[in-house]
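To start, the structure under review is shown below, and the notes come after it.
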Amino acid sequence: MHKSAAQEAGVDAGPHLARHHGYSGYLSLIDGVRGIAAVAVLLYHYIHFFMAGPSRAPLRGAIWMYPGSAWLSRIYIDGFLAVQIFWLISGFVFAQVYYGSNADTRSFAINRFARLYPLHLLTLLVVAGLEFAMLRRFGYTALYGNYDWPHFFRQLLFASDWLHLPGDGYSFNGPIWSVSVEVVVYALFWMSRRAVVRFGLPLVAVLVAGFYFADHAWTDFTKIFACGYYFFIGCGLNLVLRGNWNRGWRLVAPVLLLVALGAWGAWVNQDWSWRFVALPGLFGALFMMLAVAEPFAPGWLRKGCQWLGENTYGVYLWHVPVQLCLLLVLLPGTNPAEVARHGWFMVLFVALVLVVARLSYVWFERPVRDWLRRRLHSHLGRLKGSDNAP
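Each residue of the sequence shown is one higher than the one before, starting from 1 at the first, in UniProt numbering.
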C-alpha cells in the first residue's frame, strides 16, 4: 500500500490537506507519464547518430531516415517538449508535498542535493571521459562542444545553463540543462511557498504571468523563466485539487476549461500556442484526471508506472553516455547513420538505456541518495521532510 506523498517525504500535511485531498498521495500514474516523457527525449536525441563528425551538424532530412519515421515523426521532431512536461509534473508534485508541510529549508536543500547531484556528477565524469577518448582518437568531441574547464566547473555547480552567453552552447552531458535551470526554480518555489499557501491561486496566477512575460523578454539569455512558467502552473493545478474541485462533477469544470484552452492552442497551431497554451492545457487536464483516478487504478498499472518513474532521471542522464559509447564502437569503420536507419539498432539503443538506467537506479542512484540522507541526519540531527522526498 502506497504512503501519501507527504508521508513519503517525511513531512506533516496540514489538516486542510488531509481534508481536501481526495486522491492518493503517491501519484504513480503521473510518474508513469514522466517516464514516457523521458523516452520521448531519448527518441528526440536519436538525431545524435546522424550528426557524428567535427561539425556536429545533422544530416539533411535525417528524421525521415529514422526507423518508423512515418508514425513516430512527431516524437522525433517535437520530443523536446517533454522537458516542459517534466517541469509541469515537478510543480504539481512539489506543491503536493511541500505546501502546508513542516519541512525546513535545510531538509529541502538536503533532499534536492541527495536526489539530483550524485547521478549528475557520475554521468558528468563519464561523459568527460568518453569525450576525452573521442578527442584523442578523432581530434574532436562528439555531440556537444565547449569541452573546457570553465564549462566543466559550471556543470559541477549545476550552473551550466543559468545564462546563455553569446556564442555559448550545450556542453558535456547536454540534457542536464533543464535540471540546471530547474534548480533555480526550486529555490524560488521554496522562498514563495508560505506566501502561496496564504494567498493561494491568485498569487500563483501572478507568478505564472510574470514568468511568461519574463521569458518572452529574456528567452535568448535564460530558460529559467520558461521553467518557472510550467512549474508554477503545475503548482496551481495541485492547488485546485486541494480545494473542492476534486469531488465528483465539480472536477469537470476545471478539466474542461483546460481542455478547451489546450484545444484552442492546438487550433492556432503556432509555436507559442503549442508551448504556452496547448501543452499546459492538455497535460494539465490529464494530470488532474490521473491524480483523482490514482486510488482506483489497478495495482499492476500503478506498479508499472512507478517503475517507469523510478527510471526517469537515469534515462534522461544516461542516454548521451550510451550514445557516446556506441559512437566509439562504430567509428571510424562504420557510419553511425547507416546503422541507425535500422529498427533493430533503435531497439538496441532504447533497451541499453533502459537497462543502464534501471541498474543505475537500483545500484547507485537510490543507495547513494539514501546514504547521503542518513549521513547528513547523523551529522545534522534528524531533518524534517527527508525520508523519501521527491
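Ideal Cβ placement from N, Cα and C applies to all residues, glycine included. Predicted, not measured: the structure shown is a model, and the values here were computed from it.
- Rounded to the nearest angstrom, the Cβ distance from residue 141 to residue 318 is 18 Å, too far for a contact under 8 Å.
- Check the Cα spacing between residue 238 and each of 265, 190, 289, 214: the tightest is with 289.
- With 16 or more other CB atoms across the displayed protein chains lying within 10 angstroms of its CB, residue 177 is buried.
- Minimum Cα-Cα distance from residue 264 among the listed residues 100, 359, 279, 251 corresponds to 279.
- Counting only residues of its own chain and dropping the five nearest sequence neighbours on each side, residue 369 has a CB closer than 8 Å to the CB of 114, 115, 118.
- Of all C-beta pairs linking the segment 328-335 to the segment 65-85, fewer than three are shorter than 8 Å, placing the two stretches out of contact.
- Under the three-state reduction of DSSP output, residue 270 falls in the coil class, being neither helix nor strand.
- Collapsing the DSSP output to three states places residue 157 in coil.
- If you look at residue 280, you'll find it in the alpha helix (DSSP H) that goes 279-293.
- The alpha-carbon of residue 45 is positioned some 24 Å away from that of residue 304.
- The residues 220, 221, 222, in chain order, have a CB closer than 7 Å to that of residue 164 in the same chain once the five nearest residues on each side in sequence are set aside.
- Boundaries cannot be given for residue 335, as no alpha helix (DSSP H) includes it and DSSP labels it neither H nor E.
- Taking the C-beta atoms as reference points, residue 56 is found nearer than 8 Å to residue 145.
- If you check the CB distance, residue 208 and residue 189 do not come in under 8 Å.
- Boundaries of the alpha helix (DSSP H) around residue 133: 105-138.
- The three-state secondary structure of residue 147, taken from DSSP, is coil.
- Proximity of the segment 336-346 to the segment 360-376 falls short of the contact definition, fewer than three beta-carbon pairs being nearer than 8 Å.
- For the set 132, 216, 125, the Cα lying nearest the Cα of residue 153 is the one of 125.
- Note on residue 48: 16 or more other CB atoms within 10 angstroms of its CB, so buried under the neighbour-count rule.
- The beta-carbon distance between residue 320 and residue 349, rounded to whole angstroms, is 12 Å. This is too long to meet the 8 Å contact definition.
- The beta-carbon separation of residue 30 and residue 89, rounded to 6 Å, stays under the 8 Å limit for a contact.
- Counting only the Cα atoms, residue 218 lies some 22 Å from residue 203.
- Taking the CA atoms as reference points, residue 103 sits about 28 Å from residue 363.
- With a contact defined as Cβ atoms closer than 8 Å, residue 91 and residue 243 miss out at about 17 Å.
- Cα atoms of residue 180 and residue 293: separation of roughly 32 Å, rounded to the nearest angstrom.
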